[in-house]
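Each number in this note's numbering comes from the position in the sequence shown (counting from 1) with 769 added on.
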Amino acid sequence: MNVRRILRSDHVAGWAFAFPAVALLIAFGIVPIVWSALMSFQKTNLLSTPQWIGLDNYRALLKDPLFETSAVHAMIYTALFVPLSVGGGLFAAVALNRRVRGIRVYRLAVFVPVVVSTIATSIMFLWLFDPNFGLANWLLGKVGLGPFGFFTSSNGALYSIIAMTVWGWIGFDAIIYLAALQGVPQELLEAAAIDGARSWSIFRNVTLPLLGPATLFLVVFSSINALQVFDEVYFLTRGGPGTATYVPVFYLFTLAFQQGIAGYAAAIAYVLLVVILILTLIQLWVGKRMVYYAS
């Protein structure tokens, strides 16, 4: 009788429907996380019997110049990508938050780069930035500049990747900001205008503070996204020229799947995880004190 009652309960039915998703999460989420944590304390190439070496992989990171180079590139990328994409998204959202003819077409045009695949975007920018026949160098040549090897220059390759990824993500940030802008109470804006506030003053003192939750979300999301950049580097430069565009995820990928140094690569992954976690906690702590949440 008790077994029949249990089988008929809503809990069993709920878990039955959730089981496929839970099983996939465990198999492709939790198990790899635990397995890679163990690998970070081992010397292994994923094929032979692993050898337990304790913290040697983490100690080796402190003396690895290529890891240091990758970390510096990741910090530069994050420091530029986050403000440019978030700021550009805010500017685009304000421009799109208008009642003009064809506004849906403009909004669609801004969002299209987000849904375009990384490969397609990379191919397009390889053509645009080509030093011989690219549109960017053709335009620069009209004003007496260039040609520049955007992706082939050790000084400019990383910044060219930043420019491409900012272009690709502005649409996502703009849509988030646009939704937040449309949620700003109009009576507050009207009250500020009645009190004599100008447009810029209304935006800075009324609208911008109310966009705080959206800004915090985008800063946290963009920071995590930037520190894990991989696709663009892999398709465009493969870390080159030389090591000019090496970033942590690309470095650990080459170590694990090209050089067979999986344990050391796992240690890099967990250092990156800790850095992302600490940065996120700091951003949330700052946001808790600076972001205004309307009741």
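All C-beta atoms, glycine included, are put in the ideal place defined by N, C-alpha and C.
Treat the numbers as computed from the prediction; the structure is a model and nothing was measured.
Indicate the three-state DSSP secondary structure (helix, strand or coil) for residue i in the structure shown.
i	result
Q811	strand
Q820	strand
D899	coil
L980	coil
Q1028	coil
V998	coil
K832	coil
F917	coil
Q951	coil
S968	helix
G858	helix
S929	helix
P852	helix
R876	helix
S991	helix
Measuring straight from C-alpha to C-alpha, what distance separates residue i and residue j?
i	j	result
V1040	F880	33 Å
V1016	F850	14 Å
I931	G1009	15 Å
P982	S992	15 Å
G1021	V953	Checking the sequence, you will find Leu at residue 1021 rather than Gly. About 44 Å.
N906	D899	7 Å
E1001	G965	48 Å
Q820	S809	11 Å
L794	G918	43 Å
I963	I971	11 Å
R876	L1005	28 Å
P882	G903	20 Å
K1057	Q811	39 Å
A796	V989	27 Å
V800	R967	56 Å
I822	R1007	30 Å
M844	A782	47 Å
G910	P916	7 Å
T921	A995	21 Å
S891	V935	13 Å
F788	H780	12 Å
D825	N924	34 Å
S805	N814	12 Å
A840	W969	39 Å
S929	L897	11 Å
R803	V874	It is Val, not Arg, that sits at residue 803 in the sequence shown. Taking the straight line from one Cα to the other gives about 46 Å.
M893	A785	46 Å
L947	L859	8 Å
G1067	V1043	Only positions 770 to 1064 of the chain appear in this structure, which leaves residue 1067 out of reach.
G1011	A848	22 Å
Please confirm whether residue i has its beta-carbon closer than 7 Å to some beta-carbon of chain C.
i	result
S992	In summary, chain C is missing from the structure at hand, where a single protein chain is found.
Looking only at its own chain, which residues have a Cβ that is under 7 Å from the Cβ of residue i, when we skip the five neighbours before and after it?
i	result
V975	L957, L958, A961
A829	Y1033
M770	In this predicted model, M770 has a pLDDT of only 49, less than 50, meaning its place in the structure is not dependable; the value taken from the coordinates is given anyway. Hits under 7 Å: none found.
I888	F1004
Which whole-angstrom value describes the C-beta separation of residue i and residue j, a residue pair presumed to lie in contact below a C-beta threshold of 8 Å?
i	j	result
I939	G871	Actually they do not touch by this definition, with Cβ atoms about 19 Å apart.
T1014	L927	5 Å
For residue i, which residues of its own chain have a beta-carbon under 8 Å away from its beta-carbon, when the five flanking residues on both sides are left out?
i	result
F836	L830, P1017, Y1020, I1037
L950	A862, V863, N866, T976, L980
Y1003	F1019, F1022
A1031	M808, T813, N814, L815, L1024, A1025
F999	V1016, V1018, F1019, F1022
Less than 6 Å between the CB of residue i and some heavy atom of the ligand MG, yes or no?
i	result
A905	The model on display carries no ligand, and the ligand MG is accordingly not part of it.
Given residue i, which residues of its chain have a CB within under 6 Å of its CB, disregarding the five upstream and five downstream residues?
i	result
D942	S854, V855, G858, L987
Q997	V1018
I1047	none
message: What ranges does the alpha helix (DSSP H) occupy inside the region 779-808, keeping only unbroken runs of at least 4 residues that lie completely in it?
response: 779-794, 800-808
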